[in-house]
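**Student:** Could you have a look at this structure, given as structure tokens, before my questions?
There are 2 protein chains.
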Amino acid sequence: MISRLTEQIRIKRAPVVVGLDPNLSFVPEVLLKDAEEKVRSYADNPLAVELLGGDLHLAAAGEAVWNFGREIIDSVADLVPAVKPQSAMYEQFGIPGIIAYQKLVRYAQQKGLIVIGDVKRGDIGSTSEAYARAHLGRIKIGEGMHKAFDEDFATVNPYLGSDGIEPFVKVCNEEDKGIFVLVKTSNPSSGEFQDVLLESGEHVYETVGKKVAQWGEASMDGDYSNVGAVVGATYPQQAETLRELMPHTFILAPGYGAQGASAKDLSVFFNKDGLGAIVNSSRGIIAAHTKERYSSYGAADFGGAARAAAIDMIEDLRSAITNL
Amino acid sequence: MISRLTEQIRIKRAPVVVGLDPNLSFVPEVLLKDAEEKVRSYADNPLAVELLGGDLHLAAAGEAVWNFGREIIDSVADLVPAVKPQSAMYEQFGIPGIIAYQKLVRYAQQKGLIVIGDVKRGDIGSTSEAYARAHLGRIKIGEGMHKAFDEDFATVNPYLGSDGIEPFVKVCNEEDKGIFVLVKTSNPSSGEFQDVLLESGEHVYETVGKKVAQWGEASMDGDYSNVGAVVGATYPQQAETLRELMPHTFILAPGYGAQGASAKDLSVFFNKDGLGAIVNSSRGIIAAHTKERYSSYGAADFGGAARAAAIDMIEDLRSAITNL
Chain R
1 MISRLTEQIR IKRAPVVVGL DPNLSFVPEV LLKDAEEKVR SYADNPLAVE LLGGDLHLAA
61 AGEAVWNFGR EIIDSVADLV PAVKPQSAMY EQFGIPGIIA YQKLVRYAQQ KGLIVIGDVK
121 RGDIGSTSEA YARAHLGRIK IGEGMHKAFD EDFATVNPYL GSDGIEPFVK VCNEEDKGIF
181 VLVKTSNPSS GEFQDVLLES GEHVYETVGK KVAQWGEASM DGDYSNVGAV VGATYPQQAE
241 TLRELMPHTF ILAPGYGAQG ASAKDLSVFF NKDGLGAIVN SSRGIIAAHT KERYSSYGAA
301 DFGGAARAAA IDMIEDLRSA ITNL
Chain Z
325 MISRLTEQIR IKRAPVVVGL DPNLSFVPEV LLKDAEEKVR SYADNPLAVE LLGGDLHLAA
385 AGEAVWNFGR EIIDSVADLV PAVKPQSAMY EQFGIPGIIA YQKLVRYAQQ KGLIVIGDVK
445 RGDIGSTSEA YARAHLGRIK IGEGMHKAFD EDFATVNPYL GSDGIEPFVK VCNEEDKGIF
505 VLVKTSNPSS GEFQDVLLES GEHVYETVGK KVAQWGEASM DGDYSNVGAV VGATYPQQAE
565 TLRELMPHTF ILAPGYGAQG ASAKDLSVFF NKDGLGAIVN SSRGIIAAHT KERYSSYGAA
625 DFGGAARAAA IDMIEDLRSA ITNL
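As given, the protein sequences belong to chains R and Z, one line each in that order. The first sequence begins at 1 in my numbering and counts up by one. The second sequence begins at 325 in my numbering and counts up by one.
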């Protein structure tokens with residue numbers, strides 16, 4: 001799967017993933033109003049109401065974020081190789097939110113986009129296996145095999161060690177999928193545990209990074225492994241170290257834009273081949289219509305604003321990264 | 325919320341939580357057959373089929389694990405204070421699986437049980453806030469506040485540090501809920517990162533444990549904090565250290581039974597008041613009908629087998645723990 005991602009990055013000259021993290025604070029109100037009207041008709045369908053969990057306000061929110069995400073996808077599909085829906089932002093709307101998540105995964109894939117499910121799952125062996133099946137694989141029911149969410153990549157938390165990761169690697173090999181393992185996250189307090197110095201003289205993020213490189217050896221796909229790493233764009237110094245420790249590991253780098261990282265910070269994330277990383281922007285693109293710079297689009301054309309912001313981000317990265 | 329849990333443990337004299345981790349390999353086949361028949365009627369309801377994600381085999385599996393879980397709950401509700409549905413085991417069935425998860429959360433609560441949502445979520449600040457709202461809090465839609473999954477406790481992964489945890493603590497205080505933060509997990513490779521020795525002379529799990537105690541100070545509820553810790557029953561030595569480092573932290577201890585820990589291993593998890601920990605058993609109880617010892621119940625009476633196994637586990641713990 002990583003070779004498909006690198007190919008798409010090459011074709012589009014854009015190592016960019018658009019984060020689909022909808023928040024009602026920036027989803028135009030009219031979408032919620034229209035959704036409320038639509039779901040009102042569900043009241044005549046008791047089974048549908050039961051399946052949605054019984055609260056039609058949540059159903060309206062789910063419908064609104066689905067329509068929001070769909071327009072974002074339509075606006076950027078020709079520009080970027082991938083989108084990254086963030087599970088929490090859908091789970092907060094209950095079942096209807098997760099229905100929206102699933103529909104957006106499928107819609108983005110139909111549009112030729114690669115989908116990184118930002119689910120940050122991870123558990124002990126048998127349970128990680130279920131997460132891997134849920135998000136990247138298949139599940140046996142009776143005599144048939146069935147797909148649940150079927151994203152192309154999933155983000156995974158490494159805190160539980162190898163037996164939490166290996167079931168994902170197995171599924172990556174079986175289904176040609178990929179994962180990005182959290183190594184050094186973009187948030188301010190990520191250093192509390194990730195940066196502590198070990199007796200061995202290295203930091204926790206280095207120990208985790210080395211393990212990621214090692215896990216990745218079991219799932220090579222061209223020059224890179226299907227086992228990637230999450231390294232925050234906000235930590236270029238750690239990224240430089242990690243880039244060396246994990247030469248064949250593709251990096252998913254969140255933190256550009258809203259969280260403060262610039263294109264210049266990002267050059268160390270890339271290899272000399274112009275590959276090796278994909279940079280995420282969520283609010284910087286999908287909430288562009290709320291920013292001064294793109295305010296001329298207005299809330300009604302939030303898709304146009306997102307497109308303009310994506311183009312600006314791509315240009316910014318092209319100017320800073322060699323051989324892109 | 326932790327005071328409600330300790331009260332229920334006292335009343336039932338059972339520091340036991342039943343893990344609801346359904347796997348079709350031990351769900352009696354007749355449940356899947358009955359479910360297939362039920363969901364066949366959904367075919368006449370295109371909206372329902374769409375909401376379920378379009379695959380009625382997954383819908384049947386979801387219906388089967390809901391009926392399985394409901395019978396387990398009916399069989400143990402008077403014996404134990406809490407159940408712990410494990411999210412992965414429901415996510416693997418897609419939307420229908422998550423519908424089953426939500427229904428089981430609600431059903432268990434109606435039966436007076438406390439529900440620990442074993443979701444192991446965790447992300448950067450704004451996203452952890454969404455997870456906290458999704459699982460323990462409320463979400464604002466228009467002018468109203470709405471609940472998504474509304475478990476009583478959630479398990480949380482600490483790898484991202486304080487700003488991934490604090491949004492959960494805030495919601496715990498607002499809604500009287502609780503969390504259990506992963507500190508030392510029960511799986512064989514948990515030591516890879518959790519046990520590494522730091523330059524400071526302590527191990528990662530100790531650093532995390534101290535932080536859990538510190539986060540917990542902001543959410544005390546009686547003698548214990550709403551911020552608990554997950555410490556595997558399979559690691560009594562680390563538990564002894566952690567019990568001292570976190571005197572007011574309630575411990576959720578998985579790993580009894582199927583994973584190999586005995587009641588004797590568990591005594592160090594408890595304080596002198598006979599409280600301080602709740603021990604999880606999943607397959608040991610819910611798949612008891614597949615074990616030699618309870619085989620006389622047969623698959624048809626899997627609930628009776630689960631009840632017998634729960635009683636045996638409670639007796640076992642009572643014999644090993646002082647002042648229970």
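Cβ coordinates follow ideal geometry from the N, Cα and C atoms, glycine included.
What are the boundary residues of the beta strand (DSSP E) that includes residue 605(Z)?
**Tutor:** Residue 605(Z) sits at position 281 when you count from the first residue of the second sequence. Start and end: 601–605.
**Student:** Return the residue from the list 526(Z), 375(Z) and 483(Z) that minimises the CA-CA distance to residue 188(R).
**Tutor:** Position 188 of the first sequence, counted from the first residue, corresponds to residue 188(R). Distances from the alpha-carbon of residue 188(R) to those of 526(Z), 375(Z) and 483(Z) put 483(Z) closest.
**Student:** Near residue 564(Z), which residues of its chain fall below 7 Å by C-beta distance, leaving aside the five closest residues on each side in sequence?
**Tutor:** Here residue 564(Z) is taken as the residue at index 240 of the second sequence, counted from 1. If we look at residue 564(Z) and ignore the five residues flanking it on each side, its Cβ neighbours are 592.
**Student:** Which one of 201(R), 132(R), 260(R) and 39(R) has the shortest CA to CA distance from residue 174(R)?
**Tutor:** For this step, residue 174(R) is matched to residue 174 along the first sequence. That would be 132(R), whose Cα lies nearest to the Cα of residue 174(R).
**Student:** To the nearest angstrom, report how far apart residue 487(Z) and residue 602(Z) are at their CA atoms.
**Tutor:** Counted from its first residue, the second sequence places residue 487(Z) at position 163. Counted from its first residue, the second sequence places residue 602(Z) at position 278. Their backbone Cα atoms lie some 27 Å apart in a straight line.
**Student:** Using the Cβ count rule (16 or more neighbours within 10 Å means buried), how would you classify residue 335(Z)?
**Tutor:** Working through the second sequence from its first residue, we reach residue 335(Z) at position 11. So residue 335(Z) counts as exposed.
**Student:** Tell me the DSSP secondary structure of residue 312(R) in three-state form.
**Tutor:** Within the first sequence, the letter at position 312 stands for residue 312(R). Reduced to three states, the DSSP call for residue 312(R) is helix.
**Student:** Any C-beta of chain R sitting closer than 8 Å to the C-beta of residue 566(Z)?
**Tutor:** Here residue 566(Z) refers to the residue found at position 242 when the second sequence is read from its first residue. No - not a single Cβ of chain R is within 8 Å of the one on residue 566(Z).
**Student:** Report the residues of the segment 44–76 of chain R with a CB closer than 8 Å to any CB of chain Z, ordered along the chain.
**Tutor:** Answer set for the segment 44–76 of chain R: 45, 47, 48, 51, 52, 53, 55, 57, 58, 60 and 61.
**Student:** Closest by CA to residue 259(R), which one among 243(R), 246(R), 284(R) and 249(R)?
**Tutor:** By one-based count along the first sequence, residue 259(R) stands at place 259. It is 284(R).
**Student:** Any chance the segment 341–359 of chain Z sits against the segment 609–629 of chain Z, with 3 or more Cβ pairs inside 8 Å?
**Tutor:** Result yes; three or more Cβ-Cβ pairs closer than 8 Å.
**Student:** Do the CB positions of residue 585(Z) and residue 644(Z) come within less than 8 Å of each other?
**Tutor:** Position 261 of the second sequence, counting from 1, holds the residue named residue 585(Z). Position 320 of the second sequence, counting from 1, holds the residue named residue 644(Z). No, these two residues do not count as a Cβ contact at 8 Å.
**Student:** So, at 6 Å on beta carbons, what are the nonlocal neighbours of residue 628(Z) in its own chain, with the 5 sequence-adjacent residues on each side left out?
**Tutor:** Mapped onto the second sequence, residue 628(Z) falls at position 304. Counting only Cβ-Cβ distances below 6 Å, and skipping sequence neighbours, we find 621.
**Student:** Going by the DSSP bridge assignment, what does residue 344(Z) pair with across the sheet?
**Tutor:** Taking the first residue of the second sequence as 1, we reach residue 344(Z) at position 20. Paired residues: 409(Z).
**Student:** Taking the alpha helix (DSSP H) that residue 155(R) belongs to, which residues open and close that run?
**Tutor:** The count along the first sequence starts at 1 and reaches residue 155(R) at position 155. No alpha helix (DSSP H) contains residue 155(R), which is instead part of the beta strand (DSSP E) from 153–156.
**Student:** Can you give the Cα-Cα distance for residue 598(Z) and residue 546(Z), rounded to whole angstroms?
**Tutor:** As a working mapping, residue 598(Z) is identified with position 274 in the second sequence. As a working mapping, residue 546(Z) is identified with position 222 in the second sequence. So the alpha carbons of these two residues sit roughly 15 Å apart.
**Student:** Using beta-carbon positions only, say whether residue 115(R) and residue 18(R) come within less than 8 Å of one another.
**Tutor:** Here residue 115(R) refers to the residue found at position 115 when the first sequence is read from its first residue. Here residue 18(R) refers to the residue found at position 18 when the first sequence is read from its first residue. No.
**Student:** How many Å lie between residue 6(R) and residue 224(R) at the Cα?
**Tutor:** As a position in the first sequence, residue 6(R) is number 6, starting the count at 1. As a position in the first sequence, residue 224(R) is number 224, starting the count at 1. The straight-line gap from Cα to Cα measures roughly 9 Å.
**Student:** Contact between the segment 382–394 of chain Z and the segment 419–434 of chain Z: three or more CB pairs below 8 Å?
**Tutor:** yes
**Student:** Taking the alpha helix (DSSP H) that residue 135(R) belongs to, which residues open and close that run?
**Tutor:** Locating residue 135(R) in the first sequence gives position 135, counting from the first residue. From DSSP, the alpha helix (DSSP H) with residue 135(R) extends over 125–135.
**Student:** Below 8 Å CB to CB, which residues in the same chain sit around residue 111(R) once its five sequence neighbours on both sides are set aside?
**Tutor:** In the first sequence, the residue the question calls residue 111(R) occupies position 111. Excluding sequence neighbours, residue 111(R) sits near 73, 74 and 77.
**Student:** What's the gap between the Cα of residue 524(Z) and the Cα of residue 569(Z)?
**Tutor:** The sequence position of residue 524(Z) within the second sequence is 200, counting from 1. The sequence position of residue 569(Z) within the second sequence is 245, counting from 1. Going from the Cα of residue 524(Z) to the Cα of residue 569(Z) covers about 16 Å.
**Student:** Quick check: the Cα distance between residue 32(R) and residue 58(R), rounded to an integer number of angstroms?
**Tutor:** Taking the first residue of the first sequence as 1, we reach residue 32(R) at position 32. Taking the first residue of the first sequence as 1, we reach residue 58(R) at position 58. So the alpha carbons of these two residues sit roughly 10 Å apart.
**Student:** Taking 8 Å as the threshold (beta carbon to beta carbon), is residue 561(Z) in contact with chain R?
**Tutor:** As a working mapping, residue 561(Z) is identified with position 237 in the second sequence. No, no contact with chain R.
**Student:** Counting contacts by CB-CB distance shorter than 8 Å, is residue 307(R) in contact with chain Z?
**Tutor:** Locating residue 307(R) in the first sequence gives position 307, counting from the first residue. Not closer than 8 Å to any Cβ of chain Z, the Cβ of residue 307(R) fails to qualify, so no.
**Student:** Mind listing the chain R neighbours of residue 533(Z)? Cutoff is C-beta to C-beta under 8 Å, in chain order.
**Tutor:** Residue numbering aside, residue 533(Z) sits at position 209 when the second sequence is read from its first letter. Neighbours of residue 533(Z) on chain R: none; closest Cβ ~11 Å, over 8 Å.
**Student:** Let me see if you follow: with CB-CB separation under 8 Å, is residue 352(Z) close to chain R or not?
**Tutor:** Along the second sequence, one-based indexing puts residue 352(Z) at 28. With 8 Å as the cut-off, residue 352(Z) does not count as an interface residue toward chain R.
**Student:** Could you check where the beta strand (DSSP E) with residue 464(Z) kicks off and where it finishes?
**Tutor:** Taking the second sequence and counting its residues from 1, the one referred to as residue 464(Z) is at position 140. Its beta strand (DSSP E) spans residues 462–465.
**Student:** To which residues of the same chain is residue 137(R) closer than 7 Å at the C-beta, ignoring the five residues directly before and after it?
**Tutor:** To locate residue 137(R), count along the first sequence from 1; it is residue 137. The residues are 171, 174 and 175.
**Student:** Please check if any C-beta of chain Z sits within less than 8 Å of the C-beta of residue 88(R).
**Tutor:** Here the question's residue 88(R) lines up with position 88 in the first sequence. Yes, residue 88(R) counts as interfacial toward chain Z.
**Student:** If you follow the alpha helix (DSSP H) that residue 389(Z) is in, where does it begin and where does it stop?
**Tutor:** Against the second sequence, residue 389(Z) aligns to sequence position 65. Residue 389(Z) -> alpha helix (DSSP H) spans 380–400.
**Student:** Please specify which runs of the alpha helix (DSSP H), each continuous and at least 4 residues long, are wholly inside the segment 236–268 of chain R, giving them in chain order.
**Tutor:** 236–245 and 263–266
**Student:** For a contact defined as C-beta to C-beta under 9 Å, what are the partners of residue 168(R) on chain Z?
**Tutor:** Position 168 of the first sequence, counted from the start, is the residue given in the question as residue 168(R). The premise fails here: residue 168(R) is roughly 12 Å from chain Z at the closest Cβ pair, so nothing lies under 9 Å.
**Student:** Check for me: the alpha helix (DSSP H) holding residue 487(Z) runs from which residue to which?
**Tutor:** To locate residue 487(Z), count along the second sequence from 1; it is residue 163. Element bounds for residue 487(Z): 486–499.
**Student:** Is the Cβ of residue 481(Z) closer than 8 Å to any Cβ of chain R?
**Tutor:** Taking the second sequence and counting its residues from 1, one reaches residue 481(Z) at position 157. It does; some Cβ of chain R falls within 8 Å.
**Student:** Quick one: which chain R residues come within Cβ less than 8 Å of residue 468(Z)?
**Tutor:** Working through the second sequence from its first residue, we reach residue 468(Z) at position 144. Going along chain R in sequence order, the residues near residue 468(Z) (Cβ under 8 Å) are 57.
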